[in-house]
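Structure first, then comments.
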Amino acid sequence: MIRKAALALALMLPLPAQAAGPGFALTRIDTPSSVYLSAGEISAVTSQYIGRPITFDDLQQMMQRLQALYEAAGVPTAEAVLPAQDILGGVLRVDLVEAAIEQVEVKGNGSTRPEFFRRALSLREGEKPDFTRLERELRVLAQSHDLAPALDFAPGERMAGTRVTITGNEPKNLRFALAADNHGREETGQQRLHATAQWASLTGWRDRLGINLTRTSGAWSGAVSYDRPVGVSGGRLVVGLHASNSQVIGGSFSAARVVSDSQGFSLGYRFPLRMAHDRSIYASFGLTHDRTQSEIAGIQFVDTKLNEMTAEVSYRRSIPLTEFGGTARLRMGSAKSAGGALTDGGYGVLQVSGFANRRLSQGYALTASLDGQMASKLQLPVARQFGVGGTEILRGYPSDVRAAPEAVALRLQVVQLDPWRVMNDRLAIQPYVFADAAVLRTSASIGSRTTAADRLFSAGIGANFTFDGRYGLHALVGVPLRPTTGFTESGQAIALLGLSVNF
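The sequence shown maps to residues -19 to -1, 1 to 484 in mature numbering (1 follows the signal peptide of the UniProt record, and there is no 0).
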């Protein structure tokens, strides 16, 4: 945020207070070159006061219009000044006083080093601020580094000088969250416990360490990630490790003693390609490695390794009443299984997602989300199948009720924007209704792309409850409208609940 403080930038001798007085004519209006305004913009104003009778009131109007150009350009450190002078030969001189930076001070920076702000923001002593660039840099700080600093400009000690104060406005550097829900799978346990923790700015350079743990009665998973600013403005290097273990304890295979273990790591880099006040484009690329081992009654039947390269581009834009965006991710990898399998060999997967949020009225909004996946072959490893069901895609069906190498899913939702508030505004309730649909290519003839499509639909209602801004409850009741392989309970409502608390 750039605060536009009024600056006493130069010796400004105002025109004497008087009536409009007799008219006079100007033959030329001289102005110095401007860092912020083009010659055409300045001339468009001053040319209207040349070659015709004008008064002192007209000159005051001209100065106001010149100052308005600075305001429209978002420049709080410049002023159009009419100095005391004798007008000779009809030539008027107008000064454009544009302040240079005398001093930069950082305060309220908490755990982030002052040097980080100085490097991230183009505020150099002796230079005039570039406000277009600063606006971009502030957006990069917000979207890439979880910071929203404020900039205050005040008069400097010298004429045409300004002092800049950067206020960090940092969020909490240590955050925890606990959650419990019934969104798990019947095979490994529907009741789940989650714990997440994030430490920000461990070394003072806005690096982050994140830990995620999930536990059910038959499975556990954990992930550790570390990312930090590297390279270009807004770029971040991300390193991740993950592991999981699951045992089938429910369903038709519970007696088979099926146990699976997986481990993996990832390395990626994400950076902004374009940043403007109403849009952003980010790109990322990375490498991943995963290994999955499974056994039945102590006998191994799966040992698969995946190695991948990924590339991704994401776009986001806001226009009046609407926000929309999308992501395209390309995965190029190879699979290798002990003993060989149909899924072995190279593969390519294109994953796309998009969203749009549109305000319908003063109190309601329509949100739409689209997710899809295309594959170079239909014999994909299980870890790269497109799954549906649960609370994210095709709500109302059990979690991971179906998976396919190629699919497309649409989610529509009408949500109340301003939540109902009760208990002296401590409890906020935000209801919504939804309808989801998905089409999956679920089977293939070996050696061809002849497929059978599975079309699934669901609808329902839900609500988010928030108490004191810290405790949350998410309740959803969805109705699956069509059966699918392994699931015949269409038309029967499924209730999903989730509790959370943030520290």
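Where is the CB? At the ideal position from N, CA and C, for every residue including glycine.
- Taken through DSSP and simplified to helix, strand or coil, residue 164 comes out as coil.
- Taking residue 294 as reference, the option from 263, 279, 406 with the minimal CA-CA separation is 263.
- Listed in chain order, the non-local C-beta contacts of residue 416 below 7 Å within the same chain comprise 393, 440, local neighbours out to five positions each way being set aside.
- In this structure, 140 is the residue among 123, 7, 140 with its C-alpha nearest to the C-alpha of residue 82.
- Residue 236 carries a helical assignment under DSSP once its states are collapsed to helix, strand and coil.
- The Cβ atoms of residue 388 and residue 419 lie closer than 8 Å to each other.
- In its chain, beyond the 5 residues on either side, no residue has a beta carbon closer than 6 Å to the beta carbon of residue 29.
- Bounds of the beta strand (DSSP E) holding residue 224 are 217 to 228.
- Between the segment 114 to 121 and the segment 189 to 208 there are fewer than three inter-stretch CB-CB distances shorter than 8 Å, so the stretches are not counted as touching.
- When the five nearest sequence neighbours on each side are left out, the beta carbons in the same chain lying within less than 6 Å of the beta carbon of residue 312 are those of 289, 291, 330, in order along the chain.
- Within the segment 186 to 214, complete beta strand (DSSP E) segments of at least 3 residues are found at 189 to 196, 200 to 210, given in chain order.
- The DSSP assignment places 303 to 318, 326 to 340, 345 to 356, 367 to 369 as complete runs of the beta strand (DSSP E) inside the segment 295 to 376, in order along the chain (cut-off: 3 residues).
- In this structure, DSSP gives residue 116 a helical state, which the three-state scheme calls helix.
- The beta-carbon distance between residue 252 and residue 219, rounded to whole angstroms, is 11 Å. This is too long to meet the 8 Å contact definition.
- Under the three-state reduction of DSSP output, residue 241 falls in the strand class.
- In the three-state DSSP reduction, residue 31 falls in the coil class, being neither helix nor strand.
- Of the other Cβ atoms in all chains shown, fewer than 16 fall within 10 Å of the Cβ of residue 404; this residue is therefore exposed.
- Contiguous beta strand (DSSP E) elements confined to the segment 40 to 121 occur at 59 to 62, 72 to 74, 76 to 79, 81 to 88, taking only those with 3 or more residues.
- When only Cα atoms are considered, residue 401 and residue 411 end up about 7 Å apart.
- Residue 211 has its alpha-carbon roughly 40 Å from the corresponding atom of residue 171.
- Annotation: residue 152 to residue 43 spans about 45 Å, alpha carbon to alpha carbon.
- The alpha-carbon of residue 173 is positioned some 28 Å away from that of residue 395.
- DSSP, reduced to helix, strand and coil, places residue 450 outside both helices and strands of the structure shown, so it counts as coil.
- When the alpha-carbon of residue 224 is set against those of 243, 238, 446, 12, the nearest one is in 243.
- In chain order, 73, 74 place their CB closer than 8 Å to the CB of residue 66, counting only its own chain and leaving out the 5 sequence neighbours on each side.
- For the pair of segments examined, the segment 317 to 325 was found not to touch the segment 340 to 354: the number of CB pairs separated by less than 8 Å stays below three.
- Taking each of 380, 474, 359 in turn and checking the Cα distance to residue 422, the smallest one comes out for 359.
- Scanning its chain for C-beta atoms nearer than 8 Å, with the 5 sequence neighbours on each side dropped, one finds around residue 361 the residues 324, 328, 330, 386, in chain order.
- Beta-carbon to beta-carbon, residue 206 and residue 93 are separated by about 19 Å, too far to satisfy the 8 Å threshold.
- Judged by their CB atoms, residue 132 and residue 118 are not nearer to each other than the 8 Å cut-off.
- Non-local C-beta neighbours of residue 454 in its own chain, meaning closer than 6 Å and more than five positions away in sequence, comprise 446, 480, ordered along the chain.
- In terms of Cα proximity to residue 409, the closest of 309, 280, 451 is 451.
- Taken through DSSP and simplified to helix, strand or coil, residue 22 comes out as helix.
- Ranked by Cα distance from residue 245, the first of 123, 269, 50 is 269.
- Just measuring C-alpha positions, the residue of 104, 150, 138 sitting nearest residue 123 is 150.
- For residue 157, the three-state secondary structure derived from DSSP is strand.
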